[in-house]
Amino acid sequence: MQSVAVVGGGITGVTTAYALAQRGFSVTLFERHRYAAMDTSFANGGQLSASNAEVWTHWSTLVKGIKWMLKNDAPLLVNPKPTWHKISWFAEFMASMPQYRQNTIDTARLAIAARQHLFAWAEAEGVDFDARKEGILHIYRDKKGFDHAGSVSQLLAQGGLERRAVTPEEMRSIEPTLAGQYYGGYFTESDSTGDIHKFTQGMAAAAERLGVRCLWGSEVARVASDGQRATVTLRHTDQTTDHHFDALVVCAGVGSRALAAQLGDRVNIYPVKGYSITVNLLDEQSQRAAPTVSLLDDETKLVTSRLGTDRFRVAGTAECAP
Ligand SMILES: Cc1cc2nc3c(=O)[nH]c(=O)nc-3n(C[C@H](O)[C@H](O)[C@H](O)COP(=O)(O)OP(=O)(O)OC[C@H]3O[C@@H](n4cnc5c(N)ncnc54)[C@H](O)[C@@H]3O)c2cc1C
Numbered sequence: 142m143q144s145v146a147v148v149g150g151g152i153t154g155v156t157t158a159y160a161l162a163q164r165g166f167s168v169t170l171f172e173r174h175r176y177a178a179m180d181t182s183f184a185n186g187g188q189l190s191a192s193n194a195e196v197w198t199h200w201s202t203l204v205k206g207i208k209w210m211l212k213n214d215a216p217l218l219v220n221p222k223p224t225w226h227k228i229s230w231f232a233e234f235m236a237s238m239p240q241y242r243q244n245t246i247d248t249a250r251l252a253i254a255a256r257q258h259l260f261a262w263a264e265a266e267g268v269d270f271d272a273r274k275e276g277i278l279h280i281y282r283d284k285k286g287f288d289h290a291g292s293v294s295q296l297l298a299q300g301g302l303e304r305r306a307v308t309p310e311e312m313r314s315i316e317p318t319l320a321g322q323y324y325g326g327y328f329t330e331s332d333s334t335g336d337i338h339k340f341t342q343g344m345a346a347a348a349e350r351l352g353v354r355c356l357w358g359s360e361v362a363r364v365a366s367d368g369q370r371a372t373v374t375l376r377h378t379d380q381t382t383d384h385h386f387d388a389l390v391v392c393a394g395v396g397s398r399a400l401a402a403q404l405g406d407r408v409n410i411y412p413v414k415g416y417s418i419t420v421n422l423l424d425e426q427s428q429r430a431a432p433t434v435s436l437l438d439d440e441t442k443l444v445t446s447r448l449g450t451d452r453f454r455v456a457g458t459a460e461c462a463p
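Residue 142 is where the sequence shown starts when you use this note's numbering, and the numbers rise one by one after that.
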């Protein structure tokens, strides 16, 4: 049996380990934290959104980004201090703008396939992750944002995703708790929400049942490959140990760039910081007052998600901080 090491126990590493074990590989997963999903996969926006597949590599994002540099409460913040990583990442960002249309179509396809796997695995393994299949509503305050969303919808449709334009009245009948004035919205019935942390923890337990060796609290110091075998070097308090495998998958989130570089691969992931808060809805009045349909405000880049009955999450802001 071929052996595979997976570095990283977020949603990507855990589902990769699970899928590899299902295909008959002998899998070992290394995660530096004591549990799965303690970094980016801890408390994200909760959206399972194919409708958010529009890639950001569009000139309008760049123009907005420059304007937002002058605003303290901007949804996208870029620290102007230059670093080699930041410059190379922005150069690649701009170089991929000509592929904006095709990348958006491909991302929509990928998102549709990903959510099919996600729900199929959760059902097969009995993972309860407070999912709600009530759709995602994109909201727009002006014609410009709404018209842009119309052209994005055409690309999403080419990727196989249906979403429909809705009037402010329809928006309020879809989500009666919605307040404020809007020009219009786009509603994607097939989208949903769920708790990424609960999902990943549940899938980690499922992977262990399939035979994956999950080594929690194991920090990978180095990775190497001689073209035949991969070596994972673990850092302990006063020593390191080497572990050998037939293959290696790096799923280390923002740590992937440095690890992949040790293998001669270029994975130009730039760390972007975001924020989320989770509100516990402890009584019936609070539960009735909070939206159940997930909302996405494209202008402020804020998302809301209902997690089960009694939690409501709000997430947003992208800070290219370092
Ligand atoms: C504020 C915010 C809101 C978001 N909202 C949404 C949303 O609504 N919907 C959506 O689909 N996506 C959303 N995202 C994005 C999504 O959460 C991430 O894409 C996803 O969690 C990334 O998972 P990952 O497994 O790739 O990385 P991570 O979850 O970061 O996992 C990487 C793991 O690798 C481990 N690791 C790193 N280096 C090492 C090492 N040397 N040794 C051992 N272990 C190591 C880390 O400890 C970590 O556990 C959001 C992100 C943010 C920040």
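Note that beta-carbon positions come from the ideal geometry of N, C-alpha and C, so glycine has one too.
Predicted, not measured: the structure shown is a model, and the values here were computed from it.
Examine chain D for any beta-carbon lying closer than 8 Å to the beta-carbon of residue i, and answer yes or no.
i      : result
Arg454 : No chain D appears in the structure shown, which is made up of a single protein chain.
Which of the three DSSP states is assigned to residue i in this structure?
i      : result
Ile280 : strand
Ile253 : helix
Phe270 : coil
Asn421 : strand
Lys414 : strand
His226 : helix
Glu275 : coil
Arg370 : coil
Val293 : helix
With the cut-off set at 8 Å, would you say residue i and residue j are in Cβ contact?
i      : j      : result
Gln122 : Ala388 : No information on residue 122 is available, as it lies outside the stretch 142 to 463 that the chain covers here.
Leu217 : Trp209 : yes
Ala191 : Ala261 : no
Asp383 : Leu423 : no
Val413 : Ala459 : yes
Arg447 : Gly186 : no
Leu302 : Thr329 : yes
Val147 : Val390 : yes
Ala345 : Ala177 : yes
Val373 : Phe171 : yes
Val293 : Asn244 : no
Ala362 : Tyr416 : no
Thr334 : Arg273 : yes
Leu211 : Val434 : no
Alpha carbon to alpha carbon, what distance is there between residue j and residue i?
i      : j      : result
Thr198 : Asp439 : 15 Å
Arg304 : Asp367 : 48 Å
Met241 : Ala402 : The question names Met, but residue 241 is Tyr in the sequence shown. One C-alpha to the other measures close to 26 Å.
Gly276 : Arg376 : 44 Å
Glu316 : Pro239 : 36 Å
Gly326 : His289 : 11 Å
Ala365 : Leu404 : 6 Å
Val268 : Thr441 : 33 Å
Leu443 : Ala184 : 14 Å
Ile509 : Glu425 : For the chain, the structure presents residues 142 to 463; residue 509 sits outside this window and is missing.
Whole beta strand (DSSP E) elements within the region 299–368, 3-residue minimum = Whole beta strand (DSSP E) segments, 3+ residues: 305–307, 325–329, 354–357, 360–366.
Inside the region 142–210 only - beta strand (DSSP E) runs reaching at least 3 residues | Given a length threshold of 3 residues, each whole run of the beta strand (DSSP E) inside the region 142–210 is given here in chain order: 144–148, 167–172.
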